[in-house]
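A.B. asks: Numbering (the numbering used here), first residue to last: 38 to 482.
Please see the structure below; I have some questions.
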């Protein structure tokens, strides 16, 4: 097989993709013989790296060293790079001057960090459509999962009714900016307005929103924002929590260890303030550099261009899918609603089989399953709260995607639904895989 594709001299046309991504020219083997250009339509799980992100990481590698520890020149350069990354990320999300940027492993880690620092007398409010990462961490607190109404416009009223009944000293609304299943965008500004009337704080899970829409913490009045690098075209193992420092500074460290402490005796420790307080151990410097580079690239291309690209691709996909019998795009809310580049499909055939055939026979990467959102999937597919977890097919795209990608997908889906898979598949470790699978693997795999 060919080696990994390079970012050098790759042409990018404005009417095709907005930014160059690694893997845009990658050919993958097919079980039926030959190869096909890989069509990446699983951005909502992990997006490809931007070429500019890879270049930023490569530029720093010769200078890589310990952060805030070493006496060497490369340590000074690396320490400055980490703090510069924090500043770039704060700009990207419109952070306030006193907001802290804490580096984590991913969005799940960031939400667990936030859950670990909320005061004991806090009530947490979420909707029942959240990703597991924004459902499970709060279970050590008093938490209420509110029923999502039929329209997004009704969501603020749902929170208003819940807030009016709360008796605890502190309240936190933890809500997604856009659902990872349907891509529908929630009315964050209106929710914040209601929260402020009751003295509640708001944390936004922006894992899906950040790659597609502008976030302005200061303008919105949001208290905390979390997101992952691997969904923001920076898959180098880092995520972030950005927000107010007070709860963070009053809590015990999320990860105790070197770098989080100023003075240690056998029995006592003097913990530093945030962000260092919650970043015990050597930080993922390259992950931080990668996220910051992605933030700069998205700022440079512009929110308007990204949103227009999103809308154009979404409209094209909807038109193609409407022409395929038995395929339905599922949504949480009634009527037309703003969506980012995500579509989950109800199919007339098992989604797992279709996803396997799309990959093995057509070189198209999608995702099937319940997308770490079991309560929402049960709701969308009419199951009871404890009923079987439905399985569906999800396609998702971003700044590296093109109309040609969506046409390849629609054509392949039409073929599979009309003629069936052309290969046999078997269950292996919970997933359908080609049986046999003659495709050679790259050496690195």
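All C-beta atoms in this analysis are idealised placements derived from N, C-alpha and C, irrespective of residue type, glycine included.
Just how far apart, CA to CA, sit residue 475 and residue 181?
C.D. replies: Approximately 50 Å between the Cα atoms of the pair.
A.B. asks: Distance, Cα to Cα, residue 111 vs residue 90?
C.D. replies: When rounded, the distance between both Cα atoms is 20 Å.
A.B. asks: First and last residue of the beta strand (DSSP E) that includes residue 300?
C.D. replies: First-last of the beta strand (DSSP E) with residue 300: 298-301.
A.B. asks: So, is the C-beta of residue 258 closer than 8 Å to a C-beta in chain C?
C.D. replies: The structure shown contains no chain C, having only a single protein chain.
A.B. asks: By the 10 Å Cβ neighbour count, where 16 or more other Cβ atoms means buried, how is residue 303 classified, buried or exposed?
C.D. replies: Exposed.
A.B. asks: Determine the burial state of residue 405: buried for a count of at least 16 other Cβ atoms within 10 Å of its Cβ, exposed for fewer.
C.D. replies: That one is buried.
A.B. asks: Where does residue 63 fall in DSSP's three states?
C.D. replies: Three-state DSSP puts residue 63 in coil, outside helix and strand.
A.B. asks: Drop a sphere of 10 angstroms on the beta-carbon of residue 479, count the other beta-carbons inside from all chains shown, and report buried for 16 or more, exposed for fewer.
C.D. replies: Exposed, since its Cβ has fewer than 16 Cβ neighbours within 10 Å.
A.B. asks: Measuring CA to CA, which of 82, 209, 457 and 298 is closest to residue 398?
C.D. replies: Cα-wise, what sits closest to residue 398 is 457.
A.B. asks: Quick test of your reading: residue 138 and residue 150, contact by CB under 8 Å. State the CB separation rounded to the nearest angstrom.
C.D. replies: Not a contact, Cβ separation roughly 12 Å.
A.B. asks: Answer yes or no: do residue 485 and residue 428 have a C-beta to C-beta separation smaller than 8 Å?
C.D. replies: For the chain, the structure presents residues 38 to 482; residue 485 sits outside this window and is missing.
A.B. asks: Take the Cβ of residue 143 as the centre, count every other Cβ of all protein chains shown within 10 Å, and call the residue buried at 16 or more, exposed below.
C.D. replies: Its Cβ being crowded by 16 or more others within 10 Å, residue 143 is buried.
A.B. asks: Just the C-alpha distance for residue 183 and residue 343, rounded to the nearest angstrom, thanks.
C.D. replies: Those two C-alpha atoms are separated by around 32 Å.
A.B. asks: Determine whether the beta carbon atoms of residue 383 and residue 365 lie at a separation below 8 Å.
C.D. replies: Their beta carbons are under 8 Å apart, which means residue 383 touches residue 365 by this criterion.
A.B. asks: Taking all protein chains shown into account, decide if residue 121 is buried (16 or more other Cβ within 10 angstroms of its Cβ) or exposed.
C.D. replies: Exposed: under 16 other Cβ atoms inside 10 Å.
A.B. asks: Could you give the residue range of the beta strand (DSSP E) that holds residue 240?
C.D. replies: Here the beta strand (DSSP E) through residue 240 covers 238-242.
A.B. asks: Are the beta-carbon atoms belonging to residue 379 and residue 431 less than 8 Å from one another?
C.D. replies: Cβ atoms of residue 379 and residue 431: closer than 8 Å.
A.B. asks: Can you find the residues in the same chain that come closer than 7 Å, C-beta to C-beta, to residue 420, ignoring five residues on each side of it along the sequence?
C.D. replies: Taken in chain order, the residues that qualify are 427.
A.B. asks: Does the region 261-276 come close enough to the region 193-205 that 3 or more CB-CB pairs lie under 8 Å?
C.D. replies: Short answer: they don't touch.
A.B. asks: Could you tell me which uninterrupted beta strand (DSSP E) segments, each at least 3 residues in length, are contained entirely in the region 118-182, listed from first to last along the chain?
C.D. replies: The region 118-182 contains these whole beta strand (DSSP E) runs: 137-141 and 159-164.
A.B. asks: Leaving out five residues on either side along the sequence, give the residues of the same chain with a beta carbon under 6 Å from the beta carbon of residue 232.
C.D. replies: Answer for residue 232: 210 and 239, listed in chain order.
A.B. asks: In whole angstroms, what is the alpha-carbon distance linking residue 329 and residue 103?
C.D. replies: Taking the straight line from one Cα to the other gives about 19 Å.
A.B. asks: Could you tell me which of 257, 313 and 377 sits nearest to residue 282, measuring between CA atoms?
C.D. replies: Of the candidates 257, 313 and 377, the one whose C-alpha sits nearest the C-alpha of residue 282 is 313.
A.B. asks: Do you know how far the Cα of residue 356 is from the Cα of residue 69?
C.D. replies: So the two alpha carbons sit approximately 29 Å from each other.
A.B. asks: Residue 284: which of 127, 208, 54 and 108 sits nearest, CA to CA?
C.D. replies: When each option's Cα is compared against that of residue 284, the closest is 208.
A.B. asks: For residue 147 and residue 278, which I take to be in contact (beta-carbon distance under 8 Å), what is that distance rounded to the nearest angstrom?
C.D. replies: Residue 147 to residue 278, Cβ: 4 Å. Contact.
A.B. asks: Answer yes if the region 69-79 comes into contact with the region 433-446, meaning at least three C-beta pairs across the two stretches below 8 Å, and no otherwise.
C.D. replies: Yes, the region 433-446 is in contact with the region 69-79.
A.B. asks: For the beta strand (DSSP E) that residue 207 lies in, which residues bound it at each end?
C.D. replies: Where residue 207 is concerned, the enclosing beta strand (DSSP E) stretches over 207-213.
A.B. asks: Hey, quick one: how far does the beta strand (DSSP E) through residue 415 stretch, first residue to last?
C.D. replies: No beta strand (DSSP E) contains residue 415, which is instead part of the alpha helix (DSSP H) from 411-417.
A.B. asks: Below 8 Å, how does it come out for the region 240-257 and the region 213-222: are there three or more Cβ pairs, yes or no?
C.D. replies: The answer is yes - the region 213-222 touches the region 240-257, with three or more Cβ pairs under 8 Å.
A.B. asks: Looking at the structure shown, is residue 404 part of a helix, part of a strand, or coil, going by DSSP?
C.D. replies: Strand.
A.B. asks: Taking DSSP as the reference, what is the three-state secondary structure of residue 327?
C.D. replies: Reduced to three states, the DSSP call for residue 327 is helix.
A.B. asks: How about residue 81 and residue 245: are their beta carbons less than 8 Å apart?
C.D. replies: Contact flag set, yes.
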